[in-house]
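One line per chain: the protein sequences are A and B, in this order.
Residues in the first sequence are numbered consecutively from 7, following our numbering.
Residues in the second sequence are numbered consecutively from 7, following our numbering.
A short worksheet on the structure shown next.
There are 2 protein chains.
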Amino acid sequence: MTEAEGEIRLGLLDGAVGYLLRRAQLVVFEDFARRFAALDLTPAQFSTLLAIRENPGRRQSDIAAALGVQRPNFVALMDNLERRGLAARVRSGEDRRANALELTKGGAALLDRALAAQGEQEAAIRAAIGETGRRELIATLARLSQLSNQT
Amino acid sequence: MTEAEGEIRLGLLDGAVGYLLRRAQLVVFEDFARRFAALDLTPAQFSTLLAIRENPGRRQSDIAAALGVQRPNFVALMDNLERRGLAARVRSGEDRRANALELTKGGAALLDRALAAQGEQEAAIRAAIGETGRRELIATLARLSQLSNQT
DNA sequence: TATTGTTATACTCTATAACTATA
DNA sequence: TATAGTTATAGAGTATAACAATA
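Following this line, the structure appears as structure tokens:
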């Protein structure tokens, strides 16, 4: 070791919402990955299973759009869930171009375990920033997502 | 158009900090990209220029680590800044393995313009969630980043 | 003609192993 | 031996164009 030279200062970055948002999101996603490793579910797979359960029989494109995933990229994701027997694509009767998405029994069971793990993450966040801080954070993030319709 | 079938419900995702964090971060980064398009700076490039200005002469690895960038990935980033004449790598006299990073005059000038653009983004965020909300958000995100040292 | 799901593809980010030159 | 910077590379995530089947 030659020298330590002291800490690196980040300047205005400490007060930049975009920078802090990125860093916090990385930390929370790493925590998610640890908790979901045993379930072998990524955030995208987890949110897909949940969206299917909340909207059974809806078309693949609608679910993808609601989650902010491009349709082409959603194909491999569904391939994976289907191969593992967690979700199923059923050819729609009304529109034979479309796939109606359903959860299998195994998918519903895994989702229950995933929701428990997610609840534990939320509890850890509550322990870190308090329940009031958590509720305010959720409300603020929801409002922030409407930034797109601005100057 | 066959049918609309109504909105997709996201279920508990509306109250999941991780999910909202990801969506908000995407929105804020898209806004950033619009504001910084004329300057041709990515978030990583902007934060690098700022970190160099705040810590002139520090080694490349230290700056990369402080920004959470892997050393190998920082090489191409610096190549770009150097090629554009915004920053310079100076062989350190103390340790001839190391690069001391400096901002050029052009880099300092571009950074000034970038900081103005960043200030405008912060103002837009203030308009969306209020100054109180913004200060609370910054404090909460900073505390959230310490989630790693938990159960 | 337009839309759904799909394939192919490309580009960015990120992560790891291994080299070189110095220490 | 160990470290700083680098190269090569591989894996995710994300974006667009174009095709077949169906509307």
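The C-beta atom is built at its ideal place from N, Cα and C for all residues, glycine as well.
Under DSSP, leucine 109(B) shares a beta bridge with Ala93(B). If you look at valine 34(A), you'll find it in the alpha helix (DSSP H) that goes 23 to 42. Within the segment 113 to 140 of chain B, those residues whose Cβ lies closer than 8 Å to any Cβ of chain A are, in chain order, Leu121, Gln124, Gln127, Glu128, Ala130, Ile131, Ala133, Ala134, Ile135, Gly139, Arg140.
By the rule that beta-carbons nearer than 7 Å mark a contact, glycine 17(B) touches chain A. Of all residues in the segment 34 to 51 of chain B, only Val34, Phe35, Glu36, Asp37, Phe38, Pro49 come within less than 9 Å of chain A when Cβ atoms are compared, listed by chain position. At least one CB atom of chain B sits nearer than 7 Å to the CB of isoleucine 14(A). For the set Leu116(B), Leu87(B), Ala134(B), the Cα lying nearest the Cα of serine 154(A) is the one of Ala134(B). Leucine 147(A) and valine 23(A) have their C-alpha atoms roughly 11 Å apart.
When secondary structure is reduced to three states using DSSP, arginine 15(B) falls in the coil class, being assigned neither helix nor strand. In the structure shown, arginine 132(A) falls within a helical segment according to DSSP collapsed to helix, strand and coil. Beyond the five residues adjoining it in sequence on each side, valine 34(B) comes within less than 8 Å, by CB distance, of Gln127, Ile131 in the same chain, given in chain order. Under the Cβ criterion (8 Å, minimum of three pairs), the segment 72 to 81 of chain A does not count as touching the segment 27 to 46 of chain A. Just so you know, the alpha carbons of glutamine 66(A) and leucine 19(B) end up roughly 18 Å apart. Annotation: alanine 104(A) is outside any alpha helix (DSSP H) and is labelled neither H nor E by DSSP. Of the candidates Glu88(A), Arg97(A), Leu47(A), Asp101(A), Glu88(A) places its Cα closest to the Cα of leucine 109(A). Secondary structure of arginine 141(B) (DSSP, three-state): helix. Restricting attention to Arg119(A), Pro62(A), Ala145(A), the CA atom closest to the CA of glutamate 11(B) is found in Pro62(A).
For asparagine 61(B), the nearest beta carbon of chain A is closer than 7 Å to its own beta carbon.
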